[in-house]
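Colleague: Below is a structure I'd like to ask you about.
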Amino acid sequence: MDSFYAAVEQRDRPELRGKPVIVGADPKGGRGRGVVSTASYEARRFGVGSAMPISTAFRLCPRGVYLPVDMEKYAGVSRQVMEILRAFTSVVEPVSIDEAFMDVTESRRAFGDGPTIGRKLKAAILETTRLTASVGVAASKLVAKIASDMRKPDGLVVVPPGTEAAFLAPLPVRRLWGVGPKMEEQLATLGVDTIGALARLPEGTLERRLGTHGHDLQQLARGQDARRVSAEEGEARSVGQEHTYENDTSEAATLRRTLMRLADGVAERLRAAGLKGRTVTLKYRDETFHTVTRAETIGSATDSGSVIFASAWKSFEAVHGRKRVRLLGIYASGFDAAQLGLFDAPSPADRLRDTLTERFGSGALTRASLLQKPRKK
Numbered sequence: 390m391d392s393f394y395a396a397v398e399q400r401d402r403p404e405l406r407g408k409p410v411i412v413g414a415d416p417k418g419g420r421g422r423g424v425v426s427t428a429s430y431e432a433r434r435f436g437v438g439s440a441m442p443i444s445t446a447f448r449l450c451p452r453g454v455y456l457p458v459d460m461e462k463y464a465g466v467s468r469q470v471m472e473i474l475r476a477f478t479s480v481v482e483p484v485s486i487d488e489a490f491m492d493v494t495e496s497r498r499a500f501g502d503g504p505t506i507g508r509k510l511k512a513a514i515l516e517t518t519r520l521t522a523s524v525g526v527a528a529s530k531l532v533a534k535i536a537s538d539m540r541k542p543d544g545l546v547v548v549p550p551g552t553e554a555a556f557l558a559p560l561p562v563r564r565l566w567g568v569g570p571k572m573e574e575q576l577a578t579l580g581v582d583t584i585g586a587l588a589r590l591p592e593g594t595l596e597r598r599l600g601t602h603g604h605d606l607q608q609l610a611r612g613q614d615a616r617r618v619s620a621e622e623g624e625a626r627s628v629g630q631e632h633t634y635e636n637d638t639s640e641a642a643t644l645r646r647t648l649m650r651l652a653d654g655v656a657e658r659l660r661a662a663g664l665k666g667r668t669v670t671l672k673y674r675d676e677t678f679h680t681v682t683r684a685e686t687i688g689s690a691t692d693s694g695s696v697i698f699a700s701a702w703k704s705f706e707a708v709h710g711r712k713r714v715r716l717l718g719i720y721a722s723g724f725d726a727a728q729l730g731l732f733d734a735p736s737p738a739d740r741l742r743d744t745l746t747e748r749f750g751s752g753a754l755t756r757a758s759l760l761q762k763p764r765k766k
């Protein structure tokens, strides 16, 4: 996001637009303590930047508008943004309140290539939050991150695969992860001031000086970063599945079949993990990106697809209106360990489904109601 805290304040208070806004501590006439959390682009023209002592910011920009941090408000906007990201892919790795990595490899069929998704993402964020975001599109996390900072605000920078080293070469070495002021001084003694100069160092030079960190740093300088985007957030608090339609739909039969498939998928994952859920949550997003979640706590914990579907369908009927649907999701939470007794074992159909899935793969057994007749030409 671009100048996130300050941008939210300027959005909500039109009289602040075009003015230098500094969010952070009270400057107290230049005698305040604390640091700048975010400065608007108008304030940055005066040299004010994030993490700067608030007293220094006041000396640079005494006529700026200084505001306290309203974390509750910013966190609410952040949740909106992260929901929009997850509308394009489930593989989202938040880095901070206003930044995240996304892996859209599996989203291309539904939404287009990386640059197309980048444009759609920016438009969706602007439409929903009235804020701008900058996006970097690349084949690695490092290059995507650097690209996202290149043309702020409201930027979109695409680095095609195979051009990473050329893109990085002219940039200051401080742009690389792991290069701080002290590391920058060490590299300067080797005549290195750009990423390209670092990449061209003879093999082993950095490794002898810095150990394995030197080797890793040179790999990054050459645009080689194999780290994957990780959506893992520790121990699971919920088990869920989502489906985003390639074309928004209002066809009742299609929506019902989707929810049934999702319910069966969630149930299968619960049984595989030895879990039962007491709460079933429906996630519903319409064609305008308006998102609603509706949760129901059922009588007893379950791992049954039929029970999960019945709860989700009830919630769906309560929230569905006239707009077409973009995304549906079902989540189970409130786990009980599935220590099954004599009378609460999985149903014969569920046991058979699990056995066949293990032997023949997903979809070996399905519900008759999910089978569609082939369309006549």
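Position in the sequence shown counted from 1, then plus 389, gives you the working numbering.
We put the beta carbon where it would ideally sit given N, CA and C, even for glycine.
Taking one C-beta from the region 479 to 497 and one from the region 436 to 450 each time, how about it: are there three or more such pairs within less than 8 Å?
Modeller: Touching, no, given that fewer than three Cβ pairs across the two stretches are closer than 8 Å.
Colleague: Starting from I697 and walking both ways along the alpha helix (DSSP H), at which residues does that stretch end?
Modeller: Note, I697: alpha helix (DSSP H), G694 to V708.
Colleague: Measuring alpha carbon to alpha carbon, tell me which of E488, A476, P559 and E657 ends up nearest A464.
Modeller: Comparing Cα-Cα distances from A464 to each of E488, A476, P559 and E657, the minimum goes to E488.
Colleague: Inspect the beta-carbon positions of G421 and S444 and report whether they are closer than 8 Å.
Modeller: Yes, they are a contact pair.
Colleague: CA-CA distance, P570 and S627?
Modeller: Going from the Cα of P570 to the Cα of S627 covers about 42 Å.
Colleague: To test your reading of the DSSP string, which unbroken beta strand (DSSP E) runs of 3 or more residues are found completely within the region 518 to 604?
Modeller: Taking only runs of at least 3 residues, the beta strand (DSSP E) segments lying wholly in the region 518 to 604 are 524 to 526 and 545 to 547.
Colleague: One question on the structure: do G396 and L520 come within less than 8 Å of each other, judged by their Cβ atoms?
Modeller: Before going further, note that residue 396 is Ala rather than Gly in the sequence given. Contact: yes.
Colleague: Alpha carbon to alpha carbon, how far is V581 from F678? Give it in angstroms, no decimals.
Modeller: About 47 Å.
Colleague: Compute the distance between the beta-carbons of T682 and G723, then report whether it is under 8 Å.
Modeller: Taking 8 Å as the Cβ cut-off, T682 and G723 do not qualify as a contacting pair.
Colleague: Kindly indicate the opening and closing residues of the beta strand (DSSP E) around G465.
Modeller: Unbroken run through G465 is the alpha helix (DSSP H), M460 to F477; no beta strand (DSSP E).
Colleague: When the Cα of D538 is compared with those of L560, S523, S639 and G507, which residue comes out closest?
Modeller: Nearest of L560, S523, S639 and G507 to D538, Cα basis: S523.
Colleague: Checking the sheet assignment: what are the DSSP bridge partners for Q630?
Modeller: In the DSSP output, where bridge partners are listed per residue, Q630 has I719.
Colleague: Along the chain, where does the alpha helix (DSSP H) that runs through D502 open and close?
Modeller: No alpha helix (DSSP H) holds D502; DSSP gives it neither H nor E.
Colleague: Could you pull the start and end residues of the beta strand (DSSP E) that D675 belongs to?
Modeller: Note, D675: beta strand (DSSP E), L664 to D675.
Colleague: Pick helix, strand or coil for F435, following the three-state DSSP scheme.
Modeller: Coil.
Colleague: Can you give the Cα-Cα distance for T505 and G423, rounded to whole angstroms?
Modeller: For T505 and G423, the distance between alpha carbons rounds to 41 Å.
Colleague: Which term fits G654, buried or exposed, when burial requires 16 or more other beta carbons within 10 angstroms of its beta carbon?
Modeller: So G654 counts as buried.
Colleague: Return the Cβ separation of V562 and L587 in integer angstroms, given the expectation that the two are a contact with Cβ distance under 8 Å.
Modeller: Between L587 and V562 the Cβ distance is about 6 Å, and since that is below 8 Å, they are a contact.
Colleague: For F732, does the count of other Cβ atoms within 10 angstroms reach 16, so buried, or fall short, so exposed?
Modeller: For F732, the pLDDT reaches just 40, beneath the cut-off of 50, and the residue's location in the model is therefore unreliable, although a value from the coordinates is still provided. Per the 10 Å Cβ criterion, exposed.
Colleague: DSSP three-state label for S429, please.
Modeller: S429: coil per DSSP, three-state reduction.
Colleague: Going along the chain, which residues of its own chain have a beta-carbon closer than 6 Å to the beta-carbon of A536, five neighbours each way excluded?
Modeller: So the qualifying residues of the chain are G525, A527, V546 and V548.
Colleague: Between which two residues does the alpha helix (DSSP H) containing L449 stretch?
Modeller: Note, L449: alpha helix (DSSP H), I443 to L449.
Colleague: Cβ atoms of L648 and W702: under 8 Å apart, would you say?
Modeller: Yes, they are a contact pair.
Colleague: Could you compute how far the alpha carbon of S619 sits from the alpha carbon of G612?
Modeller: Distance between the alpha carbons of S619 and G612 is about 19 Å.
Colleague: Which residues does DSSP list as the beta-bridge partners of G413?
Modeller: The partner list for G413 (beta bridge, DSSP) reads V425.
Colleague: To the nearest angstrom, report how far apart G718 and A652 are at their CA atoms.
Modeller: One C-alpha to the other measures close to 9 Å.
Colleague: Between the alpha carbons of G623 and D692, how many angstroms are there, rounded?
Modeller: Only weak support is given to the placement of G623: the predicted model assigns it a pLDDT of 46, under 50, and the value that follows is read from those uncertain coordinates. Distance between the alpha carbons of G623 and D692 is about 22 Å.
Colleague: Are there 16 or more other CB atoms within 10 angstroms of the CB of D502, so buried, or fewer, so exposed?
Modeller: The residue in question, D502, is exposed, as its Cβ has fewer than 16 Cβ neighbours within 10 Å.
Colleague: Please say whether E431 and P457 have beta carbons closer to each other than 8 Å?
Modeller: Cβ distance not < 8 Å, so P457 and E431 don't count as in contact.
Colleague: Let me make sure I understand the geometry here. Which of V484, E676, A555 and L595 has the alpha-carbon closest to that of R711?
Modeller: Considering only alpha carbons, the answer is E676.
Colleague: Cα separation between E592 and D614?
Modeller: The straight-line gap from Cα to Cα measures roughly 18 Å.
Colleague: Just how far apart, CA to CA, sit D605 and E404?
Modeller: Their Cα atoms are separated by approximately 48 Å.
Colleague: State the Cα-Cα distance for the pair K534 and G688, rounded to the nearest angstrom.
Modeller: So the two alpha carbons sit approximately 46 Å from each other.
Colleague: Exposed or buried, which one is T633 when buried takes at least 16 other CB atoms within 10 Å?
Modeller: That one is buried.
Colleague: Quick one: residues in its chain with C-beta nearer than 6 Å to the C-beta of E472, no 5 flanking neighbours on either side, listed in chain order?
Modeller: Cβ within range, chain order: T680.
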